[in-house]
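Enquirer: FYI, the numbering for the sequence shown is 15 to 584, going by this note's numbering. Virtual Cβ for every residue (Gly too), placed ideally from N, Cα, C. What you are looking at is a predicted structure, and each value in this text was computed from that prediction instead of being measured. Below are the structure tokens for one structure; questions will follow.
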Amino acid sequence: MIDNREPRGRSARTARLCLALSATFAVIVIGRAADSPITFSDVTAASGIKFVHTNGAFGKKYLPETLGSGCAFVDVDGDGWQDIVLVNSKGWPGRSAGSPARSYPALYRNNHDGTFTDITKASGLAVELYGFGVAAADFDNDGRTDLYITALDANRLFRNAGGGRFVDVTKTAGVADGGFSTSAAWVDFDRDGRVDLLVGHYVEWSPEKDLFCTIDGTHKSYCTPESYKGTSPTLYRNRGDGTFESVTSKAGLADPRSKTLGVAIIDFDNDGWPDLFLANDTQPNRLYRNQRNGTFADVAVAAGVAFSEAGVARAGMGVDAADYDRSGRESLVIGNFSNEMMSLYHNEGGGLFIDEAAVAGIGRPSLLTLTFACFFFDYDLDGWLDIFAANGHVADDIQAVQTSVTYAQPPHLFRNVGRGRFQSATKDAGRALQEPVVARGAAYGDFDNDGDLDLLVSTNGGRARLLRNDGGNRNHFLTVRAVGTTANRDGIGAKVTVKAGSATMTRTVKSGSSYLSQSQLPLTFGLGSNVAAERVDVEWPGGRRDTLTNVKADQLITVEEGRGLRTATR
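What follows is the structure, given as structure tokens:
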């Protein structure tokens, strides 16, 4: 599958772009040694992104300060280029004079030349809130991607009005959902052609309920979630008229014990109906099987994903679902606390998962790190899904009691070498992946439209990082954008299967996953040395199927439900 030759079939537009950029910023592929590693370069400053996260910390050690916030690659203006959304928090009310300036989420518009322009104020997103997560989808099927931002006390739904403008429709839609909201995801759980909304919640906390916790017996430290009561997730059903209704209890999801940080949509039993996974912190994880009648049943214990192999509930953070071994079944990767290692629950079929993290090669390297965001993506475009994990501890004083664990930590990049095994590629991936940071959210997306997938990482109380993939596009690729007609407009829930040479790869269009974040909606398939895909099948929610044959590599194609290939951009 692997081809070390230069990518073929690039558009004249991309060629001109590469020539126009400075040496600091250019996507350098020509002249790269065939056996040189693929690297990620920190192009944050060169791209014009100046975002710095505010968590409001001022010595009180409030629990929400540890969570950080998420990020997203979203094409908000529909021009085919991924824009960037960065969620922010704020200072705490009641602080004395000298409190920090007001802080807002940030929206950066892609300028198509490797740079971005901050359009937050003009966009209508300059709203101060103690924000955490972001989930993006076209909830009203008008062809424009809308944004949902989770926060402490009240979330916000911003409808995309076009022209780079958003309108706050939270009150009308009925999705404010107070409390301590974390990760969210859009999902058409009842397959009625409209995306619904799943919102995870953490614990019952407020400044008035804040507890004194300590790790050295003297000084106040951040409490663990075990000190607080859990809170139930919320499931909102889209009525189709711009409003939503909470169906949490009716759907069987009411669970006051949950302490959810990550959510993922997974069709683990391949019945065509989306199931829900909640990664819980110090509580058993939940796997809700869709019973196809508007209700769900928690099968996590029977499936083997609720606890560790020792029968202990771990501190689940971020989560993602994908078919990483081409078995035809979606498995799970979960970020856990330090000294717990990550989880890699392989889907064995028949409703059973087995944690393969240790034997797959990601267990030992992740033992001492605290992983928040994690996801599957094919960074080298060889047709096998790799794993990225963003790490950083919650306690800034952790080394006082655990000398082997640090607050700032470098990320993990695990390369899929086939047969269910991974190798650490972090040290070979460039200086940007060597730097320890206090990472939280992370997403992938092809921001420069050169075919390979770049990284966006948010940090707690620090600057965001845009990491450009240099060299991944030496292999061929095919990116597929799904547009539903009977199904929801974004094609969320559609399964795309690409056959190229000896490889058959299946991916699902999805919202959410990772941690408080969202990656691009279009699906990128690595084709290796193959210059075309013999077959592309799109199975839409509801069962309709569109099939394309002999699709050339190195392009973005748009497939519309019932019409097949609508556009192709090289």
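Based on Cα-Cα distance, which residue from Arg253, Val261, Ala567 and Leu292 lies nearest to arginine 271?
Expert: Comparing Cα positions, the closest option is Leu292.
Enquirer: Please report the distance separating the alpha-carbon of arginine 173 from that of threonine 500.
Expert: Taking the straight line joining both Cα atoms gives about 21 Å.
Enquirer: Taking just the CA atoms, how far does glutamine 437 sit from glutamine 423?
Expert: If you take the alpha carbons of glutamine 423 and glutamine 437, they lie about 19 Å apart.
Enquirer: Taking the beta strand (DSSP E) that serine 472 falls in, what are its first and last residues?
Expert: Per DSSP, serine 472 belongs to the beta strand (DSSP E) from 468 to 473.
Enquirer: Locate the beta strand (DSSP E) running through lysine 441, then write down its first and last residues.
Expert: Unbroken run through lysine 441: none, as it is neither H nor E.
Enquirer: Which complete beta strand (DSSP E) runs does the region 173 to 248 hold, if anything under 3 residues is left out?
Expert: You should have 179 to 182, 195 to 201 and 210 to 215.
Enquirer: Does glycine 363 come out as helix, strand or coil in the three-state DSSP assignment?
Expert: Strand, per DSSP.
Enquirer: Quick check on isoleucine 98: does DSSP put it in helix, strand or coil?
Expert: Isoleucine 98 falls in the strand class under three-state DSSP.
Enquirer: Could you tell me the alpha carbon to alpha carbon distance between alanine 151 and arginine 454, rounded to whole angstroms?
Expert: C-alpha separation (whole angstroms): 22 Å.
Enquirer: Use the C-beta contact count for glutamine 297: other C-beta atoms within 10 angstroms, 16 or more gives buried, fewer gives exposed.
Expert: Buried.
Enquirer: Buried or exposed for proline 78, please, with buried defined as at least 16 other CB atoms from any protein chain shown within 10 angstroms of its CB.
Expert: Per the 10 Å Cβ criterion, buried.
Enquirer: Would DSSP call threonine 262 helix, strand or coil?
Expert: It is helical.
Enquirer: Can you confirm whether glutamate 142, when its beta carbon is compared against all beta carbons of chain C, has any partner nearer than 7 Å?
Expert: Among the chains in the structure shown there is no chain C, since it carries only a single protein chain.
Enquirer: Per DSSP, what kind of secondary structure is isoleucine 412 in: helix, strand or coil?
Expert: Here isoleucine 412 sits in helix by DSSP.
Enquirer: Less than 7 Å between C-beta atoms, sequence neighbours within five positions excluded: which residues of the same chain meet that for alanine 34?
Expert: For alanine 34, the predicted structure reports a pLDDT of 37, less than 50, and the residue's modelled location is therefore unreliable. A value from the coordinates is still provided. Counting only Cβ-Cβ distances below 7 Å, and skipping sequence neighbours, we find Asp127.
Enquirer: Go to threonine 134, then tell me how far its alpha helix (DSSP H) extends in each direction, as first and last residue.
Expert: Where threonine 134 is concerned, the enclosing alpha helix (DSSP H) stretches over 134 to 137.
Enquirer: Between the beta-carbon of alanine 404 and the beta-carbon of valine 471, is there less than 7 Å?
Expert: For alanine 404 and valine 471, yes; Cβs fall inside 7 Å.
Enquirer: Would you report the Cα separation of alanine 208 and alanine 265, rounded to the nearest angstrom?
Expert: Going by the sequence as given, residue 208 is arginine instead of alanine. One C-alpha to the other measures close to 17 Å.
Enquirer: Using the three-state DSSP reduction, which class does asparagine 304 fall into: helix, strand or coil?
Expert: Strand, per DSSP.
Enquirer: Decide if the region 562 to 569 is in contact with the region 118 to 133; the criterion is three or more beta carbon pairs, one per stretch, under 8 Å apart.
Expert: At 8 Å Cβ cutoff, the stretches do not touch.
Enquirer: Does alanine 327 come out as helix, strand or coil in the three-state DSSP assignment?
Expert: In the structure shown, alanine 327 sits in coil (DSSP, three-state: anything other than H, G, I, E or B).
Enquirer: Rounded to the nearest angstrom, what separates valine 99 and proline 119 at their Cα positions?
Expert: Using only the alpha carbons, I get a separation of about 7 Å.
Enquirer: Alpha carbon to alpha carbon, how far is asparagine 304 from aspartate 334?
Expert: Whole-angstrom Cα-Cα distance: 18 Å.
Enquirer: Who does isoleucine 506 pair with in a DSSP beta bridge?
Expert: Isoleucine 506 pairs with nothing; no bridge assigned.
Enquirer: What do you reckon, is the C-beta of valine 326 under 6 Å from a heavy atom of the ligand ATP?
Expert: In terms of ligand content, the structure shown is empty, and the ligand ATP therefore cannot be addressed.
Enquirer: Using the Cα positions of asparagine 564 and glutamate 553, report the straight-line distance between them to the nearest angstrom.
Expert: The alpha-carbon atoms of asparagine 564 and glutamate 553 are separated by roughly 18 Å.
Enquirer: Give me, in chain order, the residues of the same chain whose beta-carbon lies closer than 7 Å to that of aspartate 56; leave out the 5 immediate sequence neighbours on both sides.
Expert: Result list for aspartate 56: Ala446, Arg479 and Leu481, in chain order.
Enquirer: Pick from His67, Ile506, Ser533 and Leu139: whose alpha carbon is nearest that of serine 83?
Expert: Residue His67 is the option with its Cα nearest to serine 83.
Enquirer: Going by beta carbon distance, what residues of the same chain come within less than 7 Å of threonine 572, once the five residues before and after it are set aside?
Expert: Arg495, Val497, Arg580 and Thr581.
Enquirer: Using the Cβ count rule (16 or more neighbours within 10 Å means buried), how would you classify histidine 215?
Expert: Buried: at least 16 other Cβ atoms inside 10 Å.
Enquirer: What is the DSSP secondary structure of arginine 429, counted as helix, strand or coil?
Expert: Of the three classes helix, strand and coil, the one that applies to arginine 429 here is strand, per DSSP.
Enquirer: Below 6 Å CB to CB, which residues in the same chain sit around aspartate 312 once its five sequence neighbours on both sides are set aside?
Expert: Here the set comprises Arg300 and Tyr302.
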